[in-house]
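Those sequence lines, one after another, are chains A and B.
Using my numbering, the letters of the first sequence correspond one by one to residues 39 to 272.
Using my numbering, the letters of the second sequence correspond one by one to residues 39 to 272.
Quick notes on the structure that follows.
Number of protein chains: 2
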Amino acid sequence: MIAKPKPPPETTRAALLRAALELFGSQGYQGTSIREIAAAADSNIASIAYHFGGKEGLRVACADHVVGLLQQIAAPVLDLNVAQSPEDSGKNLSPDDARSKLVAMEQRMVHFLLSAPEAKPLVPFMLREMSDPSPVMDRIFTGVIEPVHRRLCQLWQDATGEPAESEQVRLTIFTLIGQIIYFRIGREVVLRRMQWPSYTEDRTEKIAGIIAANLEAVLSPSTQDQPSPGSSPE
Amino acid sequence: MIAKPKPPPETTRAALLRAALELFGSQGYQGTSIREIAAAADSNIASIAYHFGGKEGLRVACADHVVGLLQQIAAPVLDLNVAQSPEDSGKNLSPDDARSKLVAMEQRMVHFLLSAPEAKPLVPFMLREMSDPSPVMDRIFTGVIEPVHRRLCQLWQDATGEPAESEQVRLTIFTLIGQIIYFRIGREVVLRRMQWPSYTEDRTEKIAGIIAANLEAVLSPSTQDQPSPGSSPE
DNA sequence: GTCTATAAACAGATAGAC
DNA sequence: GTCTATCTGTTTATAGAC
Chain A
39 MIAKPKPPPE TTRAALLRAA LELFGSQGYQ GTSIREIAAA ADSNIASIAY
89 HFGGKEGLRV ACADHVVGLL QQIAAPVLDL NVAQSPEDSG KNLSPDDARS
139 KLVAMEQRMV HFLLSAPEAK PLVPFMLREM SDPSPVMDRI FTGVIEPVHR
189 RLCQLWQDAT GEPAESEQVR LTIFTLIGQI IYFRIGREVV LRRMQWPSYT
239 EDRTEKIAGI IAANLEAVLS PSTQDQPSPG SSPE
Chain B
39 MIAKPKPPPE TTRAALLRAA LELFGSQGYQ GTSIREIAAA ADSNIASIAY
89 HFGGKEGLRV ACADHVVGLL QQIAAPVLDL NVAQSPEDSG KNLSPDDARS
139 KLVAMEQRMV HFLLSAPEAK PLVPFMLREM SDPSPVMDRI FTGVIEPVHR
189 RLCQLWQDAT GEPAESEQVR LTIFTLIGQI IYFRIGREVV LRRMQWPSYT
239 EDRTEKIAGI IAANLEAVLS PSTQDQPSPG SSPE
């Protein structure tokens with residue numbers, strides 16, 4: 039426990055986790071049998087009960103695994119400026135810095151969700167758990183989604199001056215996230231309409247560019263009236 | 039067959055369809071048993087085989103039903119200007135008209151997806167079929183998604199002059215649709231982050247207003263450089 | 001820790017009475 | 001057209017050999 043922080047006694051366990059993540063992601067939780075998982079992991083059904091207590095335990099373990107990995111990936115991006123200098127308080131950026139950091143984060147998210155190889159097993163699982171309000175969604179929300187959303191809201195404040203936790207800003211950040219995530223969730227629809235067989239680096243880059251342009255357009259004052267959000271002409 | 043174009047001999051059939059739509063939408067296809075459906079329709083399992091041939095037949099019938107209803111709902115919006123006058127050719131609008139029609143369609147879609155009572159049973163089913171690439175997705179895509187997307191692209195062309203079927207425009211329309219649909223698919227996440235117990239009319243209106251503002255910002259020339267999409271500084 | 005064998009519950013489909 | 005009863009296969013979970 040002390041001398042060996044990470045020995046590899048988790049061959050079977052890890053294989054089951056990998057297989058489950060993959061299959062839950064592609065077929066859904068209810069659409070996947072523990073037989074399939076055991077077969078894909080070159081193991082047997084009983085090993086799932088042994089290591090995870092059952093199918094639901096395996097689901098929870100997948101969620102924790104995903105949250106851990108995503109936090110690891112998101113960490114360097116989330117506190118790029120927090121740990122820069124001690125007296126900086128790590129909270130305020132110049133509007134231009136915040137603006138370009140927002141665009142940079144958007145680009146990263148698009149590339150990660152659409153074509154990063156390390157995201158391939160994680161993202162489908164996460165998105166399914168996000169749609170299905172399962173008891174597992176809690177960990178994913180608290181561990182990943184909320185921190186990232188809060189960070190984006192903070193950057194938005196630094197870029198525009200609008201209060202980060204206002205309804206207006208929180209919802210606007212969701213419209214940004216929605217644009218990105220739709221290209222994953224609605225993947226089959228997009229590919230079909232675009233007559234693309236699959237996403238490639240070039241196509242991902244194109245998508246990221248369009249969302250970046252949208253983002254910059256919304257961030258721009260545009261010298262028009264944007265007094266209060268509730269005064270739409272309807 | 040001729041004298042009675044639509045008598046009501048479809049009490050059980052209709053009840054099964056309604057129940058299936060509801061349960062498939064909330065629990066997913068594989069997460070729903072035909073026993074549940076029969077029970078919810080106050081019928082029995084055998085009636086499903088009799089009326090629809092089996093569970094998969096019921097799924098297809100649900101898809102057709104949804105496509106029919108959505109087309110009925112979307113029709114008056116889609117060809118509002120097509121049937122206006124014969125010599126109008128029904129294709130070209132003034133930029134201002136196209137622009138306000140785009141905003142109007144966005145508002146309609148948000149309200150329909152988030153709080154229209156008639157959408158409540160349809161939308162979850164459709165969104166699930168859209169994520170899972172099932173053989174049923176075909177009908178939904180061809181019947182609803184593609185026509186709506188094409189119409190939006192056409193309006194975008196009328197509003198901006200960019201060619202409707204260009205990659206640029208088709209993807210931009212998807213960023214618009216993504217913003218809207220995310221508030222449905224990511225509903226649980228949004229509600230939690232906003233600390234809202236549920237969507238209300240006011241909140242839906244607020245969301246619609248923010249997306250409308252984004253749309254207008256992107257549609258505006260903004261007097262900045264927007265020469266070609268591939269020349270991002272990176 | 002790993003695996004085979006089996007139990008108990010569940011799925012979808014169907015036969016046949018009414 | 002409707003429904004009960006049943007068939008057949010599959011599911012998760014588990015007991016027990018190794």
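We put the beta carbon where it would ideally sit given N, CA and C, even for glycine.
- For Leu-131 (chain A), there is no enclosing alpha helix (DSSP H), as DSSP gives it neither H nor E.
- Per the C-alpha coordinates, the member of B:Ser-153, B:Pro-173 and B:Glu-203 positioned closest to Ala-99 (chain B) is B:Pro-173.
- Taking one beta carbon from each stretch, the region 180-195 of chain A and the region 209-222 of chain A have 3 or more pairs nearer than 8 Å; the two touch.
- The C-beta of His-187 (chain B) comes closer than 8 Å to at least one C-beta of chain A.
- In terms of Cα proximity to Lys-93 (chain A), the closest of A:Arg-73, A:Ala-250, A:Gln-110 and A:Ser-81 is A:Arg-73.
- Ile-249 (chain A) reaches chain B at Thr-213, counting residues in chain order whose Cβ is nearer than 7 Å.
- When Cβ pairs closer than 8 Å are counted between the two stretches, the region 232-245 of chain A is seen not to touch the region 250-259 of chain B, the count staying below three.
- Distance check between Leu-54 (chain B) and each of B:Ser-64, B:Gly-69 and B:Ala-77 places B:Ala-77 closest, using alpha-carbon atoms only.
- The contact set of Ala-101 (chain A) on chain B, defined by CB atoms closer than 9 Å, is empty, because the minimum CB distance reaches about 14 Å.
- Taking 8 Å as the CB threshold, Gly-63 (chain A) stays off the interface with chain B.
- When Cβ pairs closer than 8 Å are counted between the two stretches, the region 78-92 of chain B is seen not to touch the region 128-144 of chain B, the count staying below three.
- Under the Cβ distance rule, Glu-205 (chain A) counts among the residues neighbouring chain B, one pair being separated by less than 8 Å.
- One Cα belongs to Thr-180 (chain B), the other to Phe-90 (chain A), and the distance between them is close to 43 Å.
- In this structure, the CA atom of Ala-112 (chain A) is about 19 Å from the CA atom of Ala-250 (chain A).
- Boundaries of the alpha helix (DSSP H) harbouring Ala-84 (chain B): 83-90, taken from the DSSP string.
- Close partners of Ser-169 (chain A) in chain B (Cβ separation under 9 Å): Leu-165, Arg-166, Ser-169, Ile-223, Gly-224, Arg-225 and Glu-226.
- The shortest CA-to-CA distance from Arg-177 (chain A) to any of A:Ser-71, A:His-103 and A:Ala-157 is the one to A:His-103.
- Distance check between Ser-64 (chain B) and each of B:Met-143, B:Leu-131, B:Leu-160 and B:Gln-110 places B:Leu-160 closest, using alpha-carbon atoms only.
- The beta carbons of Gln-110 (chain A) and Val-182 (chain A) sit about 11 Å from each other, so the pair does not count as a contact at 8 Å.
- The beta carbons of Gly-66 (chain B) and Gly-66 (chain A) sit closer together than 8 Å.
- Look at Phe-179 (chain B): its C-beta is under 8 Å from a C-beta on chain A.
- Within the same chain, Cβ atoms closer than 6 Å to the Cβ of Leu-131 (chain B) are found at Asp-196, the five residues on either side in sequence being excluded.
- Counting along the chain, no alpha helix (DSSP H) covers Lys-158 (chain B), and no H or E run does either.
- The residues Pro-159, in chain order, have a CB closer than 6 Å to that of Glu-60 (chain A) in the same chain once the five nearest residues on each side in sequence are set aside.
- A straight-line Cα-Cα distance of about 48 Å links Ala-154 (chain A) and Tyr-88 (chain B).
- Per the C-alpha coordinates, the member of B:Val-105, B:His-149, B:Ala-142 and B:Ala-52 positioned closest to Met-164 (chain B) is B:Val-105.
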